[in-house]
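Numbering of the sequence shown is given in my numbering, commencing with residue 65 and proceeding in unit increments.
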Amino acid sequence: MNLQFDETVAADYRSLPQKIRVMSEFWLAKNLFCPCCGNEHIDKLPNNFPVADVACGKCGEIFELKSKKNRIGAKILNGAYRTMIERITGNLNPQLFVMQYSANFFVTDLIFVPKFFFTPGIIEKRKPLSANARRAGWVGCNILYQKIPAQGKIEIIRDGREIEIEKILSRYNTTKKLQTRNIDLRGWLLDVLNCVNMTESEIFSLQDIYRYADFLQSKHTKNKNIEPKIRQQLQFLRDKGFIEFIGRGLYRKLN
């Protein structure tokens with residue numbers, strides 16, 4: 065895999081954002097395999113194709129690419145807020161690649177975020193554009209990248225080094241067990257998973273997760289039975305092999 069952008073493919077573009085978009089999409093199509101099925105190649109989609117940038121001709125999955133110079137950070141700039149929410153709640157969201165590149169256009173990090181890790185809770189609504197703007201009133205959004213559970217950030221390239229394909233496919237197949245089309249259940253599951261991840265030790269107690277009850281209540285205001293809901297989600301995570309119940313209200317993290 066060649067981690068260097070090909071600058072010649074963007075020679076006809078003037079603005080740097082356009083150059084980055086062209087070079088990064090070209091790099092994906094030329095170098096990357098499909099992290100869902102292992103197909104050796106993914107294909108660039110037409111420039112006017114809605115939602116996605118590249119696709120796998122074998123499994124049919126589509127992917128969107130977000131790239132950023134140097135550190136990825138806590139937020140990723142995205143498009144229209146309303147469109148993003150419609151995509152997530154309608155289960156039309158593509159898979160996501162998050163790319164980090166250096167000043168000399170070298171791919172340093174590439175993260176794959178499966179689409180079933182997206183919920184309305186990780187989408188931040190930005191302020192409408194001012195009345196003087198060309199698109200006055202338009203409302204954009206940010207992806208709150210830091211709120212995506214660690215299990216949903218599958219490394220493909222880390223610090224300029226490729227991760228073995230077998231590890232990537234295995235990680236995806238493991239995380240796929242969390243997939244659910246019900247957006248409310250998905251939100252609960254990922255919020256509780258984040259709470260599990262925030263506990264400091266490998267072994268944690270039910271009481272450790274109950275400490276996040278107020279946080280979960282603030283995100284799920286209609287639910288009046290927070291602790292039973294927590295137990296339900298822990299059972300689901302146990303059944304899917306992400307945690308192990310070891311008795312007396314204690315659990316062990318597995319994935």
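Note that the Cβ used here is the ideal one computed from N, Cα and C, for glycine as well.
Query: In the DSSP assignment, what are the bridge partners of Met163?; Result: Ser131 and Leu174
Query: At which residue ranges does the stretch 185 to 229 contain complete beta strand (DSSP E) runs of 3 or more residues, listed in the order of the chain?; Result: 187 to 189, 204 to 208 and 218 to 222
Query: At what residues does the beta strand (DSSP E) containing Glu308 begin and finish?; Result: Ile307 to Gly311
Query: Measuring only the C-alpha atoms, how far is Asn157 from Gly204?; Result: 16 angstroms
Query: Taking the CB atoms as reference points, tell me whether Ile126 and Gln159 lie closer together than 8 angstroms.; Result: yes
Query: Provide the residue(s) that pair with Leu141 in DSSP beta bridges, ordered along the chain.; Result: Asn206
Query: Between the stretch 232 to 249 and the stretch 90 to 104, can you find at least three pairs of beta-carbon atoms closer than 8 angstroms?; Result: yes
Query: Cutting at 6 angstroms between CB atoms, please list the residues of its own chain near Glu308, excluding the five before and the five after it.; Result: Arg316 and Leu318
Query: Suppose the cutoff is 8 angstroms on Cβ atoms and the five residues either side in sequence are ignored; what does the same chain contact list for Ile227 look like?; Result: Glu219, Ile220 and Ile221
Query: Output the boundary residues of the alpha helix (DSSP H) element that contains Leu92.; Result: Leu80 to Asn95
Query: Lys286 by DSSP, collapsed to three states: which one?; Result: coil
Query: Provide the residue span of the alpha helix (DSSP H) that contains Leu253, from first to last.; Result: Ile247 to Met262
Query: Look up Ser269 in the DSSP assignment and give the residues it is bridged to.; Result: Leu314
Query: What residue from Cys123, Lys108 and Gly124 has the CA that sits closest to Asp117's CA?; Result: Lys108
Query: I want to know whether the stretch 158 to 172 touches the stretch 249 to 259 - three or more CB-CB distances under 8 angstroms.; Result: no
Query: How should Cys120 be labelled, buried or exposed, when 16 other C-beta atoms within 10 angstroms of its C-beta is the threshold for buried?; Result: buried
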